[in-house]
């Protein structure tokens, strides 16, 4: 059953010489969150393969795997940056709505806890965050 092969595939237009590093689904399974070996993080329509939103504000000059995640309502995306910050983007906007500072090294992992409305980010250390206003992620 699992050996049937893919049912579809696309080439995602995110830039020349840009490699995809991570892919994850939104909670409603309609969107794919894609991180790359560059500063690009994007959302792709999971059915059509088209880029819905693309952000380039984070730093990733070394081509590291810097993860990103959706918030539980899929209205925001959190993504690590090589300058030790965590960028927060609204899926409706192209610029970050907030940039969290608190790491001394590239933030390689970011995960949201839907039950406690907090998120964790990690580099050489792990930081737990409790945004002041969950509706605006500040």
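Residue numbers (the working numbering): 5 to 142. Note that beta-carbon positions come from the ideal geometry of N, C-alpha and C, so glycine has one too.
Check, Outcome
"What did DSSP end up calling residue 72 once you bin it into helix, strand or coil?", "strand"
"Write down every uninterrupted run of the beta strand (DSSP E) in the region 37 to 115 whose length is 3 residues or greater and which is fully enclosed by it, in chain order.", "45 to 49, 55 to 59, 72 to 74, 80 to 84, 89 to 94, 100 to 105"
"For residue 130, which beta-bridge partners are listed by DSSP?", "126"
"With respect to the beta strand (DSSP E) encompassing residue 24, which residues constitute its N-terminal and C-terminal limits?", "24 to 29"
"Could you tell me if residue 14 is buried or exposed, where buried requires 16 or more neighbouring beta carbons within 10 angstroms of its beta carbon?", "exposed"
"Buried or exposed, going by whether 16 or more other CB atoms sit within 10 Å of the CB of residue 2?", "The requested residue 2 does not occur in the structure, where the chain is confined to residues 5 to 142."
"Within 10 angstroms of the Cβ of residue 27, are there 16 or more other Cβ atoms? Answer buried if so, exposed if not.", "exposed"
"Please report the straight-line C-alpha distance between residue 48 and residue 129, rounded to a whole angstrom.", "31 Å"
"Sort out for me which residues DSSP pairs residue 120 with in a bridge.", "According to DSSP, which records beta bridges pairwise, residue 120 is partnered with nothing at all."
"What's the gap between the Cα of residue 106 and the Cα of residue 124?", "12 Å"
"Classify residue 42: buried if its beta carbon has 16 or more other beta carbons within 10 angstroms, exposed otherwise.", "buried"
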